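Engineer: Mind having a look at this structure? Questions to follow.
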Amino acid sequence: MTGNDLQSYAPLLLHLTLAMALSGVLVLLSSLVGWRRPSTTKSQPYECGITPTGDAREPFSVKFYLVAMVFILFDVEAIFLYPWAYIFRELRWFGFVEMILYIGILLVGYFYLWKKGALDWNRPAVRRDRAS
Amino acid sequence: MSLPLQDLCRVAPEIVLCAFAMLVMLLAPIVPRARHGILSTISVLGAGIALAATRFPAMYPGAAYSGLFRADAFSLFVHWIVCGAAFLVILGSTSYLQREDLDAGEFCALILLATAGMGIMAGAQELLTAFIGLEMSSIASYILASYKRDAPRSNEAGMKYFLLGSFATAFFLYGIALFFGASGSTRLDMMTPLANDSARTLLKMGLGFIFVGLAFKVAAAPFHLWAPDVYEGAPAPVTALLSTGPKAATFALALRILADVGAASPLWFWALWVAAVLSMFAGNLAALVQTSLKRMLAYSSVAHAGYILVALATAAATDHAEAGIAAALFYLVGYALVQLGAFLIVAQLGGPGERHVEIEDFAGVARRQPAMAACLSLFLLSLLGLPVTVGFLGKFYVFNAALESNLIWLAILLGLNSVIAAYYYLRVIVAMYMLREPEQEIAAEPVPWTLSLVLWIASMGTVYIGLFPARVIGFAAKAALNMR
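These protein sequence lines are chains A and B, in that order. Every number in our numbering is 1047 more than the matching position in the first sequence, counting from 1. Every number in our numbering is 121 more than the matching position in the second sequence, counting from 1.
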C-alpha cells in the first residue's frame, strides 16, 4: 500500500491520539486529585440498584442457549419480511410465491423444533440413556 | 417478473437435495424410531434423484442468477462426484446407524444439505455464493462429526473441527473482502483491470487468505493438523463423506478460481507447489507409524490431497491448464470411490462402537470375512496406485500433466511418495491375509445387503474405470476445456 492511501487516514489517527490522550489525562487526574472513602456498599458490584445476591458465575440450564439460538434464528429471518413488504407491489405474484416458499421452509424448521420438544421448557432434554 | 425457469433448471440438483432434506426433517420427529430405516430410504432416493437431476443443468448450460452460479461441464462433473458420494454414504451407513443406535433422520438430512452446499461450491462463479456453499457443507459437517453424542472421541472431533474450521472460514471471508476491495466485485469472471499498485497488493493478500481457507478445508499441509483427529473421532461413515465430498467441492472451487482469475495462477503456483510437497510428505511419513487403520487412512488422505495439489500446481503453471484440471478431476473420482469404500468397510469391521479399528485387529480378516478383505485390499491397492485400478490411472494422469508442464521435481517427489505409501498400505493387506488372528475372537458380523451393494458399486467402479477410463477422462477433459 502506498503512502498516498494512508495519508487520508491522518486526521483519523490524530483524532484517535487526542481522544486517548485526553481520556488518559482525565482518568489520571481524577485518581490523583480526587479522594476516596470506600465502604462496603460502595465496593459492591453495581446491579441496577438492586441488592446483589450471590455470584453471577454459576452454571445455568443449557436450554437457555437453545431458546436464545432459536429466537435469534427466527428473529433474523423475520427481517427479510420488511424489504419484501416494501417492494411487494413490484414483485407481484412472483414475490408472493417466493415468500410463501420461504415461510414454508421456516415452518418446516418450526415444526421440527416443536415436535422435538425444543420449545417445551419443562420436558427433560430429548436424550435417551444408552448403554455405551 | 416471471419465474426464472432456466435458472431453476440450472440449480435443479440443489433444489432436489434441499427438498428431500426438508422432507426427511419433517418426517424425522413423526416416524417412530423403530422405523427410521424409511428415512434412510427416502434420503437415498433423494440423492439418486439429485444425481438424475443433473440432466437439467446439462440441458441448460450457462450462468444462472445474474452470474452468481454457473452450470457447465465442470460443475456437472463435480456434481456427479458429490451427489454420488452422498448416495453411497447414505446407503452404506443405514446398517451402521442401526447398529450404533443413532437417529437416521438428522444424519441423512445433514448429509443432503451438506451435499447441496458442495454443489453450490462446484458451480459458484462468485465468491459470496461460494462462501455460502462452503458454510452449508462445513456447518453440516461439524454436526455430523460429533454425531455420536455419547462418545467423547466424536465430541472432541466435532469441537476441533468446528473451532479450527470457523477459523479457516474467517480467513476465507477476509480474503473475499480484500478481493472485493481490490477488484470492486466478488464475481470471479468479471475481474476489472486493477487500478494501481495498492489494489494489486490487496488482491495478492486476498488471494493468499482465500488459499489458506481452501487449503484448510482440503486438509493440505501445513493446514492438515485437524484432519487425523477429526477423521478418527467422527463416526466412520461420516469420515467417508468428509474425506470425499467436501474435498472434491473445495478443489473444484480452487480450480474455478485458478481458471477464472488470471492473477491467481502466478500467485498460487508456489503456494500450491509447497503445499503439495508438504502434504505428500507429511501425510505419508505420518501414516507410516500409525497403529489405527482409521488414523492411517486419515493421514493417507492428507497425502492424496497433496497428489491432487500437484495437479493444481500444474494447472497454475502452464497456459494450457486443461491437462492439470482434467487430471485433478479424474483423480477425485477415483479417490472418492476408493476412500468411501475403505471407510465404510472400517465402519463395518470395527464392530459395535468401532472398537476394532487398530491394524492388528484386522489380522485374519481374510479368513473371517473373505469378501470384505478382498474389497479392502482392492481399495488399498487403488490408493497405492497399482495398475488395473483407478488409482493408478489417476496418479498416471497427474504425473503426466506435471511432466508436460516441466514440473520435473514435483513429478519425482510424487513418484517417491507413492513408494513410501506402499509400505503402510501393504502392511494392512499383509495383516489381513498373513497374520494370525488375535487371541480374543472378534465376532464376524453378517454384512448387510445395503453395504454389500455400496462396496460392489465402489469396487466395480474402481476396476471398471481402471480398465476403461476413456469416458471418464474424456468428460474430465471436456469439463476442463469448457472452463475458460
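Ideal placement from N, C-alpha and C gives every residue a C-beta, glycine not left out. All figures in this text were calculated on a predicted structure; none of them were measured in a lab.
Determine whether the beta carbon atoms of Ala438(B) and Ser498(B) lie at a separation below 9 angstroms.
Structural biologist: No.
Engineer: Under a CB-based cut-off of 9 angstroms, is Leu121(B) close to chain A?
Structural biologist: Within the shown structure, residues of chain B are numbered from 122 to 605, placing residue 121(B) beyond reach of any answer.
Engineer: Taking its Cβ as the centre, do 16 or more other Cβ atoms sit within 10 Å of Phe293(B), making it buried, or is it exposed?
Structural biologist: It is buried - the Cβ of Phe293(B) has at least 16 other Cβ atoms within 10 Å.
Engineer: In this structure, does DSSP put Glu1094(A) in helix, strand or coil?
Structural biologist: Three-state result, Glu1094(A): coil.
Engineer: Please compile the residues from chain A whose C-beta is within a distance smaller than 9 angstroms of the C-beta of Pro134(B).
Structural biologist: Within 9 angstroms Cβ-Cβ: nothing; Pro134(B) doesn't reach chain A, min ~18 angstroms.
Engineer: Do the segment 1140–1147 of chain A and the segment 142–154 of chain B touch if we need at least three Cβ pairs shorter than 8 angstroms?
Structural biologist: No, they do not touch.
Engineer: In the segment 451–528 of chain B, which residue ranges form an unbroken alpha helix (DSSP H) of at least 4 residues, counting only runs that do not cross its ends?
Structural biologist: Segments of the alpha helix (DSSP H) lying fully in the segment 451–528 of chain B: 486–489, 491–505 and 511–525.
Engineer: Let me check one thing: in DSSP terms, what residues is Ser319(B) bridge-paired to?
Structural biologist: DSSP lists no partner for Ser319(B).
Engineer: Can you tell me which residues form a DSSP beta bridge with Glu247(B)?
Structural biologist: DSSP output for Glu247(B) lists Arg308(B) as bridge partner(s).
Engineer: Taking only three categories from DSSP, how would you classify Arg1104(A)?
Structural biologist: Reduced to three states, the DSSP call for Arg1104(A) is coil.
Engineer: Of all the CB atoms in chain A, is at least one closer than 9 angstroms to the CB of Met311(B)?
Structural biologist: No, no contact with chain A.
Engineer: Within 8 angstroms, do at least three Cβ pairs link the segment 564–572 of chain B to the segment 440–448 of chain B?
Structural biologist: No, the segment 440–448 of chain B does not touch the segment 564–572 of chain B.
Engineer: When Cβ atoms are compared, which residues of the segment 151–183 of chain B fall closer than 8 angstroms to chain A?
Structural biologist: Within the segment 151–183 of chain B, the residues whose Cβ lies closer than 8 angstroms to some Cβ of chain A are Ile151, listed in chain order.
Engineer: Looking at the C-beta of Lys1162(A), does it have a partner C-beta in chain B at a distance below 9 angstroms?
Structural biologist: Lys1162(A) counts as touching chain B.
Engineer: Taking buried to mean at least 16 other C-beta atoms within 10 Å of its own C-beta, is Glu1137(A) buried or exposed?
Structural biologist: It counts as exposed.
Engineer: Mark Met604(B) as exposed unless 16 or more other C-beta atoms lie within 10 angstroms of its C-beta, in which case mark it buried.
Structural biologist: Buried.
Engineer: Using beta-carbon positions only, say whether Ala237(B) and Pro153(B) come within less than 9 angstroms of one another.
Structural biologist: No, the pair does not count as a contact, with Cβ atoms beyond the cut-off.
Engineer: Pull up the distance between the alpha-carbon of Met122(B) and that of Leu1153(A), whole angstroms please.
Structural biologist: Unreliable positioning characterises Met122(B) in this predicted model, as indicated by a pLDDT of 49, which lies under 50. The coordinate reading is nonetheless provided below. Near 24 angstroms, if we compare the C-alpha coordinates of Leu1153(A) and Met122(B).
Engineer: Evaluate Gly1081(A) with the Cβ neighbour count: other Cβ atoms within 10 Å of its Cβ, from every protein chain shown; 16 or more gives buried, anything less gives exposed.
Structural biologist: Classification for Gly1081(A): exposed.
Engineer: According to DSSP, simplified to helix, strand and coil, what is Arg557(B)?
Structural biologist: If DSSP states are grouped into helix, strand and coil, Arg557(B) belongs with coil.
Engineer: Verify whether the separation of the beta carbon atoms of Ser267(B) and Met280(B) is less than 9 angstroms.
Structural biologist: Yes, the Cβ-Cβ distance between Ser267(B) and Met280(B) is below 9 angstroms.
Engineer: Roughly how many angstroms lie between the CA atoms of Ala384(B) and Val1155(A), to the nearest whole one?
Structural biologist: Cα to Cα, Ala384(B) sits roughly 44 angstroms from Val1155(A).
Engineer: Just how far apart, CA to CA, sit Gly515(B) and Ala194(B)?
Structural biologist: For Gly515(B) and Ala194(B), the distance between alpha carbons rounds to 19 angstroms.
Engineer: Just to confirm the assignment: which complete alpha helix (DSSP H) runs, minimum length 4, are found wholly within the segment 349–377 of chain B?
Structural biologist: Those alpha helix (DSSP H) runs which fall completely within the segment 349–377 of chain B and span 4+ residues are 357–363.
Engineer: If we require 4 or more residues per run, which alpha helix (DSSP H) segments fall completely within the segment 129–178 of chain B?
Structural biologist: Taking only runs of at least 4 residues, the alpha helix (DSSP H) segments lying wholly in the segment 129–178 of chain B are 133–148 and 158–173.
Engineer: Kindly indicate which residue of Gly404(B), Thr307(B) and Ser287(B) has the alpha-carbon position closest to the one of Leu249(B).
Structural biologist: If we check each option's Cα against that of Leu249(B), Thr307(B) comes out closest.
Engineer: So which residues of chain A does Met143(B) contact, with C-beta pairs closer than 8 angstroms?
Structural biologist: Going along chain A in sequence order, the residues near Met143(B) (Cβ under 8 angstroms) are Ile1152 and Val1155.
Engineer: At a Cβ cut of 7 angstroms, what residues of the segment 1109–1124 of chain A count as close to chain B, listed as they run along the chain?
Structural biologist: So the list is empty, because no residue satisfies the distance condition.
Engineer: Is Tyr1159(A) close to chain B, meaning its C-beta is less than 9 angstroms from at least one C-beta of that chain?
Structural biologist: Tyr1159(A) counts as touching chain B.
Engineer: Work out the CA separation of Pro349(B) and Asp108(B) for me, nearest whole Å.
Structural biologist: Residue 108(B) lies beyond the range of chain B shown here (122 to 605); nothing can be said about it.
Engineer: Three or more C-beta pairs under 8 angstroms: does that hold for the segment 361–370 of chain B against the segment 296–306 of chain B?
Structural biologist: No, because fewer than three Cβ pairs between the segment 361–370 of chain B and the segment 296–306 of chain B fall closer than 8 angstroms, the two stretches do not touch.
Engineer: Identify whether Val382(B) lies in helix, strand or coil by the three-state DSSP scheme.
Structural biologist: Coil.
Engineer: Using CA atoms only, rank isn't needed, just tell me which of Ala149(B), Leu507(B), Tyr428(B) and Leu209(B) is closest to Leu223(B).
Structural biologist: Cα-wise, what sits closest to Leu223(B) is Ala149(B).
Engineer: Considering only residues of the same chain and omitting the five flanking positions on each side of Trp394(B), which have a CB-CB separation below 7 angstroms?
Structural biologist: Excluding sequence neighbours, Trp394(B) sits near Ala434 and Leu531.
Engineer: At which residues does the beta strand (DSSP E) containing Arg117(B) begin and terminate?
Structural biologist: Nothing about residue 117(B) can be reported from this structure: the residues present for chain B run from 122 to 605 only.
Engineer: Do Ala396(B) and Ala336(B) have their C-beta atoms closer together than 9 angstroms?
Structural biologist: A contact, by the Cβ cut-off of 9 angstroms.
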